[in-house]
Every structure is written in structure tokens, then in C-alpha cells.
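Be aware that the sequence shown starts at 25, since it is given in the numbering used here, and climbs by one per residue. Heads up, the beta-carbon is just placed ideally off N, CA and C, and yes, glycines get one too.
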Amino acid sequence: MGSSITKGFGRFHYKENKNFCYFSRGSIIETKGWLRKAKTRGLNDEAYQSPMQQLETIHLKLNIYTKFIGKAPNPIK
């Protein structure tokens, strides 16, 4: 997840950077799925809630970052 974001940040084109962010988002969603499976198989609530909350935060921030990539800065008037 984090390594994909790092790889994308080092790319020359914004489109490549966005692609690596999409890969990272897929990994986040996959991790959430595995965490949900662990919960249904008996993982205690405390061990589930904290990582899931962190993943939600990362997911939202990654979406914001992905939307930001490649946007032209606002000109100063």
C-alpha cells in the first residue's frame, strides 16, 4: 500500500502517479475485506475497530490526494 504511493510519487507523469494511487486504494479495500473476514471468524472488537478506523482514514486521505494530483494551481490575482 505505502510502497505503491511512494513509487507513484517518484514518477514523472501525474497519470502514472494516479495509477499507483489506484493500486494502493485496491490494497486498502483488500485489507479491509480480510479484516472483516477475521472479525467474522472471531477477532475481538477492539482488535478490529482500531485498524479498520485507520484504514478508513487512509482511504479518505488517499482519495483526496488522488483528486489533487495533476490539478493546476490557482493563479494569484
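N-terminal and C-terminal residue of the alpha helix (DSSP H) that residue i is part of
| i | result |
| --- | --- |
| residue 67 | Note, residue 67: premise wrong, no alpha helix (DSSP H); not H, not E. |
Closest Cα partner of residue i within the set the options
| i | options | result |
| --- | --- | --- |
| residue 75 | 41, 87, 58 | 58 |
| residue 53 | 89, 41, 82 | 82 |
| residue 73 | 60, 39, 42 | 60 |
Closer than 6 Å: residue i CB and nearest the ligand HEM heavy atom
| i | result |
| --- | --- |
| residue 56 | As presented, the structure is devoid of all ligands, the ligand HEM included, so that no description of it is given. |
Where residue i sits in the DSSP three-state scheme
| i | result |
| --- | --- |
| residue 82 | helix |
| residue 93 | coil |
**Message:** Does the segment 85-92 come into contact with the segment 58-70, if we say contact requires no fewer than three beta-carbon pairs (one atom in each stretch) closer than 8 Å?
**Reply:** no
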